[in-house]
């Protein structure tokens, strides 16, 4: 009977370990997505700055 309890406790620990791994994977995916959003935002800002600089350049030359 104690073998059954021991096996049950090991199984429960494996389930808890699997759930922790799943949560960590989800957190890692969320962090990666946030980094991607930040990269896209930086790209947008760079494109806006480039467009503003080009407008000023054209204005300087009378376009």
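In the numbering used here, the protein residues as written are -19 to 43. Yeah, the Cβ is synthetic: ideal placement off N, Cα and C, and Gly gets one too. Keep in mind that this is a model prediction, so the values were computed, not measured.
**Report entry** Per-residue DSSP class, three states only, for residue 6
**Finding:** What you label residue 6 is simply residue 26 of the chain shown in a count that begins at 1. In this structure, residue 6 counts as helix in the three-state DSSP scheme.
Report task. Within its chain, find whatever has a CB closer than 7 Å to the CB of residue 44; leave out the 5 residues flanking it on each side and keep chain order. Result -> Nothing can be reported for residue 44, as the shown portion of the chain is limited to -19 through 43.
Query raised in the report: Helix or strand or just coil, what does DSSP make of residue -9?
Result: The sequence position of residue -9 within the chain shown is 11, counting from 1. Helix, per DSSP.
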